[in-house]
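Note sheet for the following structure.
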Amino acid sequence: MNKMLDDDQIFNISPGRHVDLDHHCQNGGYSALAKALAQGPETSLKEILDAGLRGRGGAAFPTAEKIKMLRANTEKLRYIICNADEGEPGTFKDRFIMTHIPFQLLEGITIAAFMAGASEGYIYVRHEYPEAQKILHESIEEAERRGFLGDNILGSGFSLSLKLFSGAGSYLCGEETALISSIEGKKGRPRLKPPYPTQAGLWQKPTLINNVETLANIPKIIEKSASWYRSFGTPDSPGTKLISLSGDVQNRGLFEVPFGMTFAQIINEYGGGAKTGKAIKAVNIGGASGVLIPPEMLFTPLEYLACAKTGITIGSGAIFVLDDTRSILSNVQNRLRFFLHESCGKCTPCREGLRQANLILDRLLAGEAVRQDVSTLERYTRAIQEASFCGLGQAAGNSLRSSLAYYRDEYLASCRDNKPSFIEEETA
Amino acid sequence: MTAIKEVVNWFGKKEALLLQVILAVQDADPQNHLSEEAVNEISREMNISRSRVYSTASFYSEISLKPRGIHIIRICTNAPCENANKASILAAIKQELGIKIGQTTADGLFSLESVNCLGACYMSPAIKIDDAVYGDLTPEAAVAIIRDLRKEYQDEQNA
Ligand code: SF4
Ligand code: FES
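Protein chains in written order, with my numbering: chain A, 709 to 1136; chain B, 109 to 267.
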């Protein structure tokens, strides 16, 4: 699956290869934990800071900064949560990390907890991933038996009690405050920030929440140094990104891609380009909550700064390719329906805005809409993006906004009053 | 209802573990759901109100308050699967089972549900039956899997 697989990468995920604890240790696994415990939290944190690691869940927040916030807190009891609620449609990277290299993840969680001073933690895995849950559950028990987790880890005096927590089918729980509320036994609804989880998280205690991929980067940085890590990627975005590639390409799959490659290179070199005889019409980047971009924009590099400038959302690293046989409008509607289903209904712009937008798409697809509807849709999109309470509503507008910007012609062409027959009727 | 007691004892009485208790109780139920009795029992055992249990249970789409079939077929509805001809898979399954999404077959063997991305988009169209994910499906392959499960069940009944 990863054609550029070699042992010098950060993730060595190959299909059908599950790295058990013995193999993990043979490949240098848990030497990072031993090193971190020996050199202390400050030195280890400095390495993460120098490496420039950023959150891979979507927000791209500097990981070391987050950990520092916890360290600055005087509260003794602190939690760590690994967000494994991978629900962004089109994304499968965390699933592969959990099922193929579970100990690299567990080691990362343990080092992060040590740096943050957290003694209790949860891995929140979505219910739709029973295989990942089973593997992690067994891996946690094995790591405990071998002294890599639990009390007095490797004789250092540091302890971490880690439990697996299952989600129950809610996309919204991927949002950190909703996830916390879900662990607390409540509905998984987001709450206003601040306070941030680093200040008042799980049961009001300081809590470090990081995505699976982010945490799984940590052991390699500690083991091999920040400068080694920076030999991948660009100064702005060091390291690599796991890319979930799907849709109309020759090879779909999971690829570890160094930052700085352009989206066009990723699609061609890893994905083998469009299907034979077809051309790429649009590419969706960042899953359902991401944007749809035209082929001209694929020359943008996969890099946080460059993407932010052009309005591309790297998000979870999902890339979904649509060829010239696909309808932009049906794709946008698929996403809208998804968000409508997942909206918690707490605020009006998201709940009602999405419903109204969906009705307009119904009309457009049925050939019953008029040009006026397209401008109304643009207005709704702004309202949904600007006035929604949480990230779900804000993100829901991304595919609307980008498709209206780059494929406005396709919207207009679907309008009844743009069709020759209508114009004839009108003038008759 | 010893199953519930066991589960509740195993997780402890911490209110925080409510969701895990609900899931475990549902898993232990032959009809894959959270019955009214179960809600009452959880509420008693964990000492939290029934309305709290209902409020949490009803929020999550993987928890069902209605009885479901022995096998739950979940069909992914997101864009990568939809573009890979999910519609034809869904049509074949519906025809084979004679039910729509959200329904259970009269013999109580299968329920049909939709689900969000299974993390199997590299082999879309994908469906999940119980804990197993099936990818790169054709309508014929989907029907064959269902028939195998039905046969397995009938063989068990006859054994
Ligand atoms: S934006 Fe949507 S999901 Fe978020 S709080 Fe509002 S209604 Fe709920
Ligand atoms: S979209 Fe169906 S498995 Fe991801």
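Just so it is clear, CB atoms sit at the ideal spot from N, CA and C, and this is done for glycine as well.
Just how far apart, CA to CA, sit residue i and residue j?
i	j	result
residue 1022 of chain A	residue 850 of chain A	35 Å
residue 157 of chain B	residue 875 of chain A	21 Å
residue 963 of chain A	residue 796 of chain A	17 Å
residue 709 of chain A	residue 1127 of chain A	Any reading at residue 709 of chain A must be qualified, since the residue scores a pLDDT of 38, below 50, and its modelled position is unreliable; no value is offered.
residue 895 of chain A	residue 882 of chain A	13 Å
residue 229 of chain B	residue 808 of chain A	17 Å
residue 150 of chain B	residue 902 of chain A	34 Å
residue 672 of chain A	residue 1005 of chain A	Because chain A spans 709 through 1136 in this model, residue 672 of chain A falls outside it and cannot be assessed.
residue 726 of chain A	residue 853 of chain A	19 Å
residue 258 of chain B	residue 791 of chain A	37 Å
residue 248 of chain B	residue 200 of chain B	8 Å
residue 839 of chain A	residue 1121 of chain A	46 Å
residue 717 of chain A	residue 747 of chain A	24 Å
residue 256 of chain B	residue 262 of chain B	10 Å
residue 991 of chain A	residue 953 of chain A	11 Å
residue 1089 of chain A	residue 1069 of chain A	12 Å
residue 869 of chain A	residue 858 of chain A	5 Å
residue 160 of chain B	residue 126 of chain B	9 Å
residue 174 of chain B	residue 1050 of chain A	20 Å
residue 227 of chain B	residue 801 of chain A	8 Å
If you drop the 5 nearest sequence neighbours on each side, which residues of the same chain put their C-beta closer than 8 Å to that of residue i?
i	result
residue 1019 of chain A	999, 1110
residue 847 of chain A	729, 810, 811, 814
residue 1142 of chain A	Summary: the structure shown does not reach residue 1142 of chain A, with chain A confined to residues 709 through 1136, and so no result is reported for it.
With a threshold of 7 Å, establish whether the CB of residue i neighbours any heavy atom of the ligand SF4.
i	result
residue 169 of chain B	no
residue 875 of chain A	no
residue 1147 of chain A	Given that chain A is displayed from residue 709 to residue 1136, the structure contains no residue 1147 of chain A and the question cannot be resolved.
residue 896 of chain A	no
residue 1053 of chain A	yes
residue 189 of chain B	no
residue 1048 of chain A	no
Find the residues of chain A that neighbour residue i, judging by a C-beta separation of less than 7 Å, and give them in chain order.
i	result
residue 164 of chain B	893, 894, 895
residue 199 of chain B	Here the premise fails: no neighbours, minimum Cβ distance about 17 Å.
residue 146 of chain B	The premise fails here: residue 146 of chain B is roughly 15 Å from chain A at the closest Cβ pair, so nothing lies under 7 Å.
residue 128 of chain B	873, 874
Less than 7 Å separating the Cβ of residue i from some heavy atom of the ligand COA?
i	result
residue 1112 of chain A	This structure simply doesn't include the ligand COA; it includes the ligand SF4 and the ligand FES instead.
Here's a check: name, in chain order, each residue in its chain whose Cβ is nearer than 7 Å to the Cβ of residue i, leaving out the five neighbours to either side.
i	result
residue 1031 of chain A	956, 982, 983, 986, 987, 988, 989
residue 198 of chain B	183
residue 766 of chain A	1023, 1024
Are there any heavy atoms of the ligand FES lying less than 7 Å away from the beta-carbon of residue i, as far as the coordinates show?
i	result
residue 797 of chain A	yes
residue 838 of chain A	no
residue 994 of chain A	no
residue 1067 of chain A	no
residue 250 of chain B	no
residue 234 of chain B	yes
residue 227 of chain B	yes
Starting from residue i, find everything on chain A with Cβ-Cβ shorter than 8 Å and list it in chain order.
i	result
residue 228 of chain B	800
residue 153 of chain B	Those within 8 Å of residue 153 of chain B in chain A number zero; the least Cβ separation is about 14 Å.
residue 171 of chain B	876, 877
residue 239 of chain B	838, 839
Taking residue i as the query, report the chain A residues whose CB atoms sit under 9 Å from its CB, ordered along the chain.
i	result
residue 223 of chain B	836, 877
residue 168 of chain B	835, 875, 876, 877, 878, 881, 890, 895, 896
Note down, in chain order, every chain B residue with its Cβ under 7 Å from the Cβ of residue i.
i	result
residue 1110 of chain A	Ordered by position in chain B, no residue passes the 7 Å Cβ test against residue 1110 of chain A, which lies about 14 Å from the chain.
residue 864 of chain A	Per Cβ cutoff of 7 Å: no residues; residue 864 of chain A is ~28 Å from chain B at best.
Since I believe residue j is in contact with residue i (beta carbons under 8 Å), could you give me their beta-carbon distance rounded to a whole number of angstroms?
i	j	result
residue 761 of chain A	residue 929 of chain A	6 Å
Chain B partners of residue i, CB-CB under 8 Å?
i	result
residue 962 of chain A	230
residue 869 of chain A	Simply none; closest approach about 13 Å.
Could you pull out every residue in the same chain whose Cβ sits closer than 6 Å to the Cβ of residue i, ignoring the five residues on either side in sequence?
i	result
residue 137 of chain B	none
residue 1119 of chain A	1082
Taking C-beta pairs closer than 9 Å, name the residues in chain B that residue i reaches, listed in chain order.
i	result
residue 1096 of chain A	The premise fails here: residue 1096 of chain A is roughly 19 Å from chain B at the closest Cβ pair, so nothing lies under 9 Å.
residue 1028 of chain A	187, 188, 191, 229
Does any residue of chain C have a CB that is nearer than 8 Å to the CB of residue i?
i	result
residue 233 of chain B	In the structure shown, chain C does not exist; the protein chains are A and B.
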